[in-house]
Amino acid sequence: MPRPSSENHGLTTLPATDAFRVLSGVALPTIANGVIKRLPPVMRLAEKVRVDETADRVLRRLRDRHGDGPLLIKAGGRTFALPLSSADAGRVLDGSPSPFSPANLEKSAALSHFQPHGVLISQEPERGQRRQFNENVLETGEPLHHLAPALAEKVREEASRMLALAEVGGRLDWHTFNVAWWRIVRRVTLGDAARDDHRTTDLLAGLRMRANLAYGMKKNRAAREELGQRLRAHVARAEKDCLAGVVAQAPAQPETDPLGQIPHWLFAFDAAGITSYRTLALLATHPAERAKALEDKGPLLPYLRACELESVRLWPTTPMILRDSTEDTDWPGGTLPAGSTVLIFAPFFHRDEEELPFAHRFTPEIWLDGRAQEHPALVPFSAGPAECPGRNLVLLVTSTLLSALLERAEFTALTTLEPGRLPSTLDNFGLRFDITAPRQRP
Ligand code: HEM
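The sequence shown: position 242 = 1502 (this note's numbering), numbered continuously.
Written out as structure tokens, the structure is:
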């Protein structure tokens, strides 16, 4: 239902009571879930008490009351701005890295625990060099990375082994999926010799747990150094058919720190595993879409890529996209001072039932027929100059995995997903599937 048009599209400073509602109903639950590493017990609780529905309700009421201009919150000597219109969110993302820098204060405090030189928290001029390096290695603009055949082979092998193990008990659970997923990630990123190098990814997991608490935790330099040494050894081996091999050959400028980019890739592949497992649940509960997915043809697998995008739309893995303004910016109704933090709350836009007829339904077609592009705030992989440079690589790996799984088995989700109104939180850790041999197709 279209929302009543409001006269106010400008900046509005929120009164203290409303500011508190945003803090307690939107910001804190998102942070409690584990921004850098998801926490299973919190996620279980979040699904049960439907925290994301509360967040959505809070923001919708504020939009009804104050109009769709950015809301301003002043707290602790800082200014926070919360865009509520698609156009304002799009303006901020298009304005990265200047005047809206991705290297936001809180994000930098968190990510510096394990990737102090990652592009996402770098300032110019280093940022430009690091972004270029990421784009070169990840082949951002290419739907199919030049290593696609080799990477797909790795994914298919691990999918077969995952299913062989799951078939023993007739069931696929998160643990079995996740162990296999990390083998895929290590082989794709670091090479086949890293398949069982749990130490490297466990070190990263420990540092990510600290990153959840950003300022509250001391840096663990010993763990970071050990991680760095192990990554150096994998890159020195330079297996040709993995990202580490490409890193070893790729030109780098003095401030690039090629090795320093890899922790972000490993970290971000976690989100891709979570998303793929949720996509499997969507396909297991939507027979018509599953039938289309089975017809999808490789190597591009456009329909499965759309399913994956749709899974991130429904359950964004980066719910809060943060930007810090580097200079004063003018908006209708006032000026946003330099140093303000802009908080784009993706779930609000991705499920906006007043704008999107498909808000709560699994609708992969929107990514294929141009409907998604009509909405600048549908941003599963962010947007603008700081959009995720790994997007195409992620879609390649995840669509190949889903295709391999669907070909080899029939999945029955043990969780009910109501197709007409999908839940606003989906606890991936609790999802389980019965698996049987695939039905014969005509
Ligand atoms: C489902 C999986 C993924 C999703 C949904 C995703 C989404 C995103 C989003 C929303 C951002 C913007 C973050 C921000 O501005 O704070 C981002 C940035 C980034 N992503 Fe991803 N990502 C995924 C996986 C990956 C993977 C696997 C890689 C690398 C192999 C990667 C590399 C990056 C990098 C380097 C940035 C920083 C870009 C910059 O600052 O210019 N991502 N991603």
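Every residue gets a Cβ at the ideal spot worked out from N, C-alpha and C, and that includes glycine. Predicted, not measured: the structure shown is a model, and the values here were computed from it.
Using DSSP bridges, identify the partner residues of residue i.
i, result
"Lys1500", "Its beta-bridge partners do not exist; DSSP assigns none."
"Asp1590", "Thr1595"
"Met1580", "Phe1605"
"Lys1334", "Thr1339"
"Thr1273", "Leu1332"
Short check: CB of residue i to CB of residue j, under 8 Å?
i, j, result
"Ala1453", "Glu1486", "no"
"Thr1545", "Leu1365", "no"
"Phe1393", "Gln1509", "no"
"Arg1611", "His1620", "yes"
"Thr1400", "Trp1525", "no"
"Leu1628", "Ala1566", "yes"
"Ser1361", "Pro1645", "no"
"Ser1684", "Glu1313", "yes"
"Cys1502", "Gly1558", "no"
"Ala1315", "Gly1285", "yes"
"Leu1677", "Ala1541", "yes"
"Leu1686", "Trp1434", "no"
"Pro1562", "Asp1556", "yes"
"Asn1268", "Gly1329", "yes"
"Ser1571", "Thr1539", "yes"
"His1494", "Ala1504", "yes"
"Arg1583", "Val1352", "yes"
"Ser1346", "Pro1640", "no"
"Ala1669", "Ala1697", "yes"
"Leu1519", "Gly1488", "yes"
"Pro1403", "Leu1564", "no"
"Ala1369", "Ala1335", "no"
"Leu1638", "Phe1609", "yes"
If residue i sits next to residue j, beta carbons under 8 Å apart, how far is it from one beta carbon to the other, in whole angstroms?
i, j, result
"Gly1593", "Leu1271", "4 Å"
"His1405", "Leu1661", "In fact, because the Cβ distance is near 15 Å, the residues do not count as touching under 8 Å."
"Thr1589", "Leu1596", "5 Å"
"Val1415", "Ile1444", "6 Å"
"Leu1569", "Ala1553", "Wrong, their Cβ atoms sit about 13 Å apart, outside the cutoff."
"Asp1530", "His1377", "Not really, about 20 Å apart at Cβ, beyond 8 Å."
"Leu1323", "Leu1299", "Checking the sequence, you will find Arg at residue 1323 rather than Leu. Actually they are not in contact, since the Cβ atoms of Arg1323 and Leu1299 sit about 30 Å apart, beyond 8 Å."
Keeping to the same chain, check which residues put their C-beta closer than 6 Å to that of residue i; ignore five residues upstream and five downstream.
i, result
"Leu1432", "Ala1426, Phe1693, Ile1695"
"Thr1273", "Leu1332"
"Pro1649", "Asn1394, Glu1395, Leu1398, Thr1400"
"Val1654", "Ala1532"
"Pro1289", "Val1311"
"Asp1348", "Pro1330"
"Arg1490", "Thr1460"
For residue i, I'd like the list of residues in its chain whose CB is within less than 7 Å of its CB, leaving aside the five on either flank, ordered along the chain.
i, result
"Arg1468", "Ile1296, Lys1297, Phe1374, Phe1527"
"Thr1461", "Trp1442, Arg1446, Leu1526"
"Gln1389", "Gln1513, Glu1515, Thr1516"
"Asn1293", "Leu1299, Val1302, Met1303, Ala1306"
"Asn1688", "Trp1434, Ile1534, Tyr1537, Arg1538"
"Val1318", "Arg1281, Val1282, Gly1285, Val1286"
"Glu1647", "Phe1641"
Quick one: what's got a C-beta closer than 8 Å to residue i's C-beta in the same chain, skipping five residues either side?
i, result
"Asn1480", "His1373, Gly1466, Leu1467, Arg1470"
"Gly1680", "His1620, Arg1621"
"Arg1651", "Thr1400, Phe1641"
Touch test, the region 1576 to 1590 against the region 1529 to 1549, Cβ-Cβ under 8 Å, three pairs minimum
Segment contact: the region 1576 to 1590 against the region 1529 to 1549, three or more CB-CB distances shorter than 8 Å; contact assigned.
Using a Cβ distance threshold of 8 Å, determine whether the region 1376 to 1385 contacts the region 1594 to 1613, with at least three qualifying pairs required.
In this structure the region 1376 to 1385 does not lie against the region 1594 to 1613, because fewer than three pairs of beta carbons, one per stretch, are closer than 8 Å.
Does the region 1658 to 1666 come close enough to the region 1411 to 1427 to have 3 or more Cβ pairs within less than 8 Å?
Counting C-beta pairs closer than 8 Å gives three or more between the region 1658 to 1666 and the region 1411 to 1427, which meets the contact rule.
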